[in-house]
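This report concerns only the one structure given below.
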Amino acid sequence: MSDLNNLYRQVIMDHYKNPRNKGLVGDANYKKFHVKNPSCGDDITVQTKVADGTIQDVKHDGTGCSICCSSASVMSETLMGKKVTEAEDIIDNYYNMIKGKEYDEDLDMGDAIVYSGVANFPARVKCATVAWQAAEESLKNE
Amino acid sequence: MYKKDFPVLNKGITYLDSGASSLKPSIVMEAMNDYYNNYGVNVHRGVYEISHIATEMYEAARERVAGFINADTEEVVFTRGASSSLNIVASSYGLANVNEGDEIILSELEHHSHLLPWQNVAKVKKAKLVYIPLTKEGRITVDNFKSVLSDKTKVVALTYVSNVMGYVSPLDEIINIAHQNEIVVSVDAAQAAPHKKIDVKKLDCDFLSFSAHKMCGPTGVGVLYGKKELLNSMDPIEFGGDMNDDVGLYDATFKDAPYKFETGTMPIAEVIGFKTAVEYLESIGMDEIQRHEKTLRDYAVEKMLKIDGVKVYNKDSETGILAFNIENVHPHDAASVFDKNGVCLRAGHHCAQPLVNWLGEVATLRASFYIYNTKEDVDKFIESVIEARDFFGQF
Ligand SMILES: Cc1ncc(COP(=O)(O)O)c(C=O)c1O
């Protein structure tokens, strides 16, 4: 597979064109965090609802390139229903994978695994992590 | 033909991001190494031979750079770069001379480095920023400038060449009109100095700022040109070693310009490398550089206009900047196709968010051409444009 096909997998483009869990809700039970990458205009807000240490719901909204927007959608599906501690492990593992560092290939990350190709495009690391950073912050202190 | 002078091009890349920073010819690095290897000591301070040589080389660079823009030697202040120069103008001249209710004329074409220093002046002094309306194409015109000129205008701060669109602003006439109204004009020449002949006496601007690194020179050094009377009337914004005459416990006197604006140890090697860069450009000739860029640009635009699904924002621009997008493809997605093919260009808002907003986009792609680029580079670029369009078109 060429680098480009490896970066832009069908799954990614599908989440880009048909994002899941998109749109924010006006519900005080959600925590919200906004992350912006001013150099390219990626701008993502993530909302998370946690009860009993488990993530009940994840919402996202924003604008950006396909890597950024699709990863928000994939992140929301991946983290939904997980325990906060599990989510933290997944987030760390995801960062390691994106940055080309060693990561646990056996950890269940759902579709997030398809972003492994980003490691070959260091300039795109930021795009692939914006939504995850927003989720990480939103889950803090839960 | 000039490719061989630029070692980075040995990597086989197609470099189309000279608008962000140009590559440097090996003679510039050699001049800097020569300083470090043979007389790498401080200037204006030592009383021994090699310090004297360093001082002479440093001052010779000032003379050479002054000649490059037809300024007097003492009108050239070395700074950290264009951003730093533009900040000195705003923070020294601006804060001292702009008062409550005064107006500062800018344009939406301004780089953040020319916009934010004046935003600060306007906030601190309760002055007003006034923007020249741009034409449909995105240009500044003399008529539109006149339409915002008022008896409250104190300063005009404009870019000479837009870093997004490549348009040359009609500064001759604007400066003329400004001066008839006793208004001071600060010119951002960061994108002009690398590409066209500048004569500050003919242009008659009050301040002119540019960076070495966009014109084959080193990073970390730039120029603030200011008219002698103006520079001498201004207060330094940084205080310290070297810029003073007499220092007491409670008071000090300062040197005349340019020295009062150059405190601390300056980037000496870079200043010396800058001189070599200017000599390199002049050996080719600024007119030849401009002609070469224009030829490449016209060649690129002609090809771009034939490609379906590509939007060119500045097809009639006079300098080597091509602003475009591929329809339905986010610039950062397209950028990865260029990256994979070794084509280096810029994607984003180019430190000119107001202009990119004006275009109605979140970001654009920018290819910029310089002396070392060739038609083969353009061909490679065009292939990547088509590849990006087709690749993302399949989803
Ligand atoms: C028009 C313009 N002004 C100012 C600057 C700032 O230059 P520097 O980053 O060298 O200070 C740039 C560089 O991007 C520019 O293009």
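Quick note, the sequences are listed as chains B and S, same order. Under my numbering, the residues of the first sequence are numbered 28 to 169, in order. Under my numbering, the residues of the second sequence are numbered 5 to 399, in order. Note that the Cβ used here is the ideal one computed from N, Cα and C, for glycine as well.
Residue-level contact by beta carbon holds for S/F399 and chain B, with a gap shorter than 8 Å. In this structure, S/Q123 has its CB at a distance of at least 7 Å from all heavy atoms of ligand 1. In terms of side-chain proximity, the C-beta atom of S/H115 is found nearer than 7 Å to a non-hydrogen atom of ligand 1. S/D21 and S/R301 do not touch by the CB rule: their CB atoms are close to 15 Å apart, not below 8 Å. Counting the other Cβ atoms within 10 Å of the Cβ of S/T269 gives fewer than 16, which makes it exposed. The CB of S/G352 comes closer than 8 Å to the CB of S66, C67 and G68 in chain B, given here in chain order. As for any beta strand (DSSP E) of minimum length 3 sitting wholly inside the region 38–99 of chain B, the runs are 57–64, 69–78 and 81–90, ordered along the chain. Separation of S/G245 and S/T267 (C-alpha to C-alpha, rounded to the nearest whole angstrom) is 6 Å.
Not one heavy atom of ligand 1 is found less than 7 Å from the C-beta of S/A94.
Of the candidates B/V111, B/V62, B/D88 and B/K76, B/D88 places its Cα closest to the Cα of B/V101. Beyond the five residues adjoining it in sequence on each side, B/D84 comes within less than 6 Å, by CB distance, of K76 in the same chain, given in chain order. The beta-carbon distance between S/V146 and S/P174, rounded to whole angstroms, is 5 Å. This is short enough to meet the 8 Å contact definition. Sorting S/A327, S/D394, S/Y376 and S/G364 by C-alpha distance to the C-alpha of S/S166 places S/A327 at the top.
Under the Cβ distance rule, B/R36 does not count among the residues neighbouring chain S, no pair being separated by less than 8 Å.
In the three-state reduction of the DSSP assignment, S/V333 falls in the coil class. Beta-bridge pairing by DSSP links S/Y229 to S/V80 and S/L212. Residue contact check for S/F328 against chain B: no CB pair falls below 8 Å. S/E112 sits buried, since 16 or more C-beta atoms from the chains shown fall within 10 Å of its C-beta. Distances between the C-beta of B/H87 and the heavy atoms of ligand 1 are all 7 Å or more. Within chain S, the residues placing a beta-carbon under 8 Å from that of B/T90 are V366, ordered along the chain.
For a Cβ distance threshold of 7 Å, residue set S340 and D343 of chain S lies close to B/F148, ordered along the chain.
Considering only S/V125, S/N180 and S/L363, the residue with the shortest C-alpha distance to S/F149 is S/N180. Between the region 87–99 of chain S and the region 232–241 of chain S, the count of C-beta pairs closer than 8 Å reaches three or more; the two stretches touch. For ligand 1, no non-hydrogen atom lies closer than 7 Å to the CB of S/G224.
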